[in-house]
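Below is one structure, written out as structure tokens; the observations come after it.
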Amino acid sequence: MIRDNNMIELIGVTKQFGEMTAVNHIDLIVKEGEFMTFLGPSGCGKTTTLRMIAGFEEPSDGKLFIDHEDCDNVPANLRDVNTVFQNYALFPHLSIRDNIAFGLKLKKLSKEEIDKRVNKMIELIKLEEHINKKPSQLSGGQKQRVAIARSLVNEPKVLLLDEPLGALDLKLRKEMQIELKHLQKELGITFIYVTHDQEEALTISDRIAIMNKGNIEQLGTAEEIYDTPKTKFAANFIGETNLLTGYIVSQDSEKTVVNLHNQILTIYDADKKYKERERICVCVRPENMHFVDYLPDYSEEKYNTITCIYEEQIYIGNLRRHILHTPEGEPVKITRCARKGEVYNRGDYVKVCFSKKRCIMVKDEEV
Amino acid sequence: MKRKLGPASVFYVLLFLILLYAPIVMMVAYSFNNSELDMGWSGFTLRWYRELFAAEDAKKAVINSIIVSGCSTVLSVILGAFAAIGFHKFDFKGKDLLDSFFYIPTIVPAMLLGVSLLSLFDILHISLSKVTIIISHVTFCMPICFNNIRVALNGFDRSIEEAAQDLGCTQLQVITKVLLPNLVPAMLSGGLLAFTFSLEDVLTTFFVAGPKDTTLSMYIFGQMKAGMKPTINALSTLLIVVTVTLGIIMQILQNRSIAKSK
Ligand SMILES: Nc1ncnc2c1ncn2[C@@H]1O[C@H](COP(=O)(O)OP(=O)(O)OP(=O)(O)O)[C@@H](O)[C@H]1O
Ligand SMILES: [Mg+2]
């Protein structure tokens, strides 16, 4: 057998609930020690995928391996995988200490060993003064920490977390994100994390799987997905983006020519092959979109130029977001440093441009 | 918004309370009344209680009642818990139908239940004894426990069971280590309710009791036929004290389990 460091392998995994396909033929490899995030809108199959890995749900089709072991017919209690549930799911009748020790007691470890590991964990999550309380006496953030400790104390091969921070307020959420990331690096345990918050995904993950309607739309690091989204859905879901619809005029080995409502653009992106006249979206991040008037090194050689109609500007902290639209009514956003002094009035016709190298194309499809 | 009650409403509430509680208060008072007849107050006495405790048949009735109600309560809680957990854990055909069947004994008139049980015992050639009383009481006490535990289970978060499994519990361990400990309050309150129902039942018991198995409520009923005696007031007062105490304990337990699940 080949020893690679694949911790989780999904091969063509499918889950059907009656007629409805919740997870559609997913292939995925999660490496040992990796922080993998499933990101996607509600109902796209994130929880279902996680539950199949945990063993609460059986795949309708496909194969699932945990550390190279086939998980067919292995019940949840025998899988070396632990789950942190969205609603914590702490045992209401047990104290915090007994909650955390639950898994170790089932494994029949010696009392000293249990005490040692539980104490270490309690120290790690900083809940020393609460160990004799019942879960109902803790705050949401504290419960969350207990839930994480209760799983981690077993030192599983993989920890599954289903929107573990969903119920926390923004500030605590940010704190916990960083704590989780540190914890994961420190313990070297593989994490699979579910969220529908793209910012959270970008902050904590090594790699992100963008899911939509039971499929993985794109798999990659945060930068990869941000810079080179593969589909319109991925482009839209991660970060803000301008999507300008047009069709392919011609394509050669290094550049693509696109017709955008009768403006001809050249794009130095020929990774994906398109047919002539195929409908596409040109995808430009707001920070890569510029006003021609305020771009010193502007040249027709380097930049694609389009004319837009100015609407308004919005301050967001140290940034200023300008909202425009094309004559065809597609919205265009430009993010600029707030101190720069562009002044336009509503209804002005404004030339905007973007580098021929700093944009990519995705297929135009319903999302 | 809570508003203050007007005088008319206060009067109404008072009237209501008087109608509800006057008979009980009267009975309790008369159990301490130093007069053979139910007329007028002629001084405080504990005579009737002393007489009651001296009466052999009353004592026997109390012991019978404790045995019968105790056994039927324990059996009902055990059977009810098994049934409720089975309902919670498994899906099967006819579950809803079976569910409603469980409630029928609680709404069938007690007399009909008694008659039908009597004919059943007759057909099966089972002679009447304490055992037949216990079996009969279980038929209407078990659904009470079942219902109580069922409600508690419905409010129980399924992901807690999954968490237990996730941490290494087998299906059986999920029940013993997580479900049962969390069901204790519901089992106790269901048991107390069952105990009170069993204790006060006359009608069903009347049909299925053997000749020597007079229970407390049957005894009171029998004494009444011979005319109202002050000892009965004393006995009834004691019975009230017991049931009210049980009721209060039950309320406390229920409130606690509600507070817990929040
Ligand atoms: N037990 C079930 N029976 C039937 N359908 C189900 C079941 N569980 C999930 N589904 C369906 O499968 C689809 C995917 O559900 P899933 O819970 O995986 O979504 P999700 O990505 O976790 O969404 P969310 O972000 O809202 O939690 C949904 O359309 C849901 O209705
Ligand atoms: Mg979910």
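Order-wise, the sequence lines are chains A and B. Quick note, the first sequence lines up with residues 51 to 417 if you use this note's numbering. Quick note, the second sequence lines up with residues -4 to 257 if you use this note's numbering. Glycine included, C-beta positions come from ideal geometry on N, C-alpha and C. Computed from a prediction, not measured in an experiment: that's the story for all the values here.
Checklist entry - For a contact meaning CB atoms closer than 8 Å, what does residue 164(B) contact in chain A? => result The answer, in chain order, is 127 and 156.
Item to check | Buried/exposed call for residue 248(B), threshold 16 Cβ in 10 Å | outcome: Under this definition residue 248(B) is a buried residue.
Checklist entry - Is the segment 129 to 145 of chain B in contact with the segment 192 to 202 of chain B, if contact means three or more CB pairs nearer than 8 Å? => result Note that the segment 129 to 145 of chain B touches the segment 192 to 202 of chain B; at least 3 beta-carbon pairs, one per stretch, sit closer than 8 Å.
Item to check | Residue-chain proximity (residue 257(B), chain A), Cβ-Cβ < 9 Å | outcome: Caution is warranted here: a pLDDT of 49 is assigned to residue 257(B), below 50, making its placement in the model unreliable, and the coordinate value is therefore given only provisionally. It does; some Cβ of chain A falls within 9 Å.
Checklist entry - For residue 148(A), which three-state DSSP category applies? => result If DSSP states are grouped into helix, strand and coil, residue 148(A) belongs with the helices.
Checklist entry - Cβ of residue 139(A) less than 9 Å from any chain B Cβ? => result Yes, residue 139(A) lies at the interface with chain B (some Cβ there is under 9 Å from its Cβ).
Checklist entry - Per DSSP, which one or two residues make a beta bridge with residue 133(A)? => result Per DSSP, 210(A).
Checklist entry - Using a Cβ cut-off of 9 Å, which residues of the segment 188 to 200 of chain B contact any Cβ in chain A, in chain order? => result Cβ proximity to chain A below 9 Å picks out nothing from the segment 188 to 200 of chain B.
Checklist entry - How is the alpha helix (DSSP H) around residue 39(B) delimited, first residue to last? => result Careful: residue 39(B) lies outside any alpha helix (DSSP H) and carries neither H nor E.
Checklist entry - Quick one, which residues of the segment 133 to 152 of chain B are near chain A if we go by CB-CB under 7 Å, in chain order? => result Cβ contacts with chain A: 152.
Next on the checklist: Once DSSP output is grouped into helix, strand and coil, what is the label at residue 416(A)?
Outcome noted: DSSP places residue 416(A) in the coil class of the three-state scheme, outside both helix and strand.
Item to check | Proximal chain B residues relative to residue 143(A), where beta-carbon distance stays under 9 Å | outcome: The answer, in chain order, is 173, 176, 177, 179 and 255.
Next on the checklist: Buried or exposed for residue 240(B), going by 16 or more other Cβ atoms inside 10 Å?
Outcome noted: With fewer than 16 other Cβ atoms within 10 Å, it is exposed.
Checklist entry - Helix, strand or coil: which one does DSSP assign to residue 177(B)? => result When secondary structure is reduced to three states using DSSP, residue 177(B) falls in the helix class.
Checklist entry - Where does residue 117(A) sit, in a helix, a strand or coil, going by DSSP? => result In the structure shown, residue 117(A) falls within a coil segment according to DSSP collapsed to helix, strand and coil.
Checklist entry - So residue 374(A) packs on residue 360(A), CB below 8 Å; how close in whole Å? => result Taking the Cβ atoms as the reference, residue 374(A) lies roughly 5 Å from residue 360(A), within the contact range of under 8 Å.
Checklist entry - Which runs of the alpha helix (DSSP H) spanning at least 4 residues fall entirely within the segment 261 to 334 of chain A, listed in chain order? => result The segment 261 to 334 of chain A contains these whole alpha helix (DSSP H) runs: 272 to 277 and 282 to 287.
Checklist entry - Opposite residue 59(A) in the DSSP bridges: which residues? => result DSSP lists 79(A) and 115(A) as the bridge partner or partners of residue 59(A).
Next on the checklist: Any C-beta of chain B within less than 9 Å: which residues of the segment 81 to 98 of chain A qualify?
Outcome noted: Of all residues in the segment 81 to 98 of chain A, none comes within less than 9 Å of chain B when Cβ atoms are compared.
Checklist entry - Mind pulling the chain B residues with CB within less than 8 Å of residue 133(A)? => result For residue 133(A), the chain B residues whose C-beta falls within less than 8 Å of its own C-beta are 157, 158 and 161, listed in chain order.
Next on the checklist: Is any non-hydrogen atom of ligand 1 found closer than 8 Å to the C-beta of residue 246(A), if you look at the structure I gave you?
Outcome noted: Checking the Cβ of residue 246(A) against ligand 1 gives yes.
Checklist entry - With distances taken between CB atoms, is the gap from residue 316(A) to residue 307(A) smaller than 9 Å? => result Yes.
Checklist entry - Hey, residue 275(A) and residue 258(A) are a contact pair by Cβ (cut 8 Å); roughly how many whole angstroms apart? => result In this structure, residue 275(A) and residue 258(A) form a Cβ contact; the two beta carbons are roughly 6 Å apart against a cut-off of 8 Å.
Checklist entry - Leaving out five residues before and five after residue 31(A) in sequence, what residues of the same chain have Cβ atoms less than 8 Å from its Cβ? => result Only positions 51 to 417 of chain A appear in the structure, and residue 31(A) is not among them; the question remains open.
Item to check | Span separating the alpha-carbon of residue 257(B) from that of residue 62(A) | outcome: For residue 257(B), the pLDDT reaches just 49, beneath the cut-off of 50, and the residue's location in the model is therefore unreliable, although a value from the coordinates is still provided. Residue 257(B) and residue 62(A): Cα-Cα distance of roughly 41 Å.
Checklist entry - Mind listing which residues of the segment 168 to 191 of chain A have their C-beta closer than 9 Å to chain B's C-betas, in chain order? => result Within the segment 168 to 191 of chain A, the residues whose Cβ lies closer than 9 Å to some Cβ of chain B are 184 and 186, listed in chain order.
Next on the checklist: Can you determine whether any heavy atom of ligand 2 sits closer than 8 Å to the C-beta of residue 263(A), and answer yes or no?
Outcome noted: Ligand 2 never approaches residue 263(A) closely enough for any of its heavy atoms to be under 8 Å from the residue's Cβ.
Checklist entry - Cβ-heavy atom distance between residue 110(A) and ligand 1 below 8 Å? => result Within 8 Å of the C-beta of residue 110(A) there is not a single heavy atom belonging to ligand 1.
Checklist entry - Between residue 154(B) and chain A, is there a C-beta pair that is closer than 9 Å? => result It does: the Cβ of residue 154(B) has a partner Cβ on chain A nearer than 9 Å.
Next on the checklist: Please identify the residue among 80(A), 405(A) and 159(A) whose C-alpha is closest to the C-alpha of residue 348(A).
Outcome noted: It is 405(A).
Next on the checklist: Using a Cβ-Cβ distance cut-off of 9 Å, determine whether residue 168(B) contacts chain A.
Outcome noted: Answer yes: the Cβ-Cβ gap between residue 168(B) and chain A drops below 9 Å somewhere.
Item to check | Buried/exposed call for residue 387(A), threshold 16 Cβ in 10 Å | outcome: With fewer than 16 other Cβ atoms within 10 Å, it is exposed.
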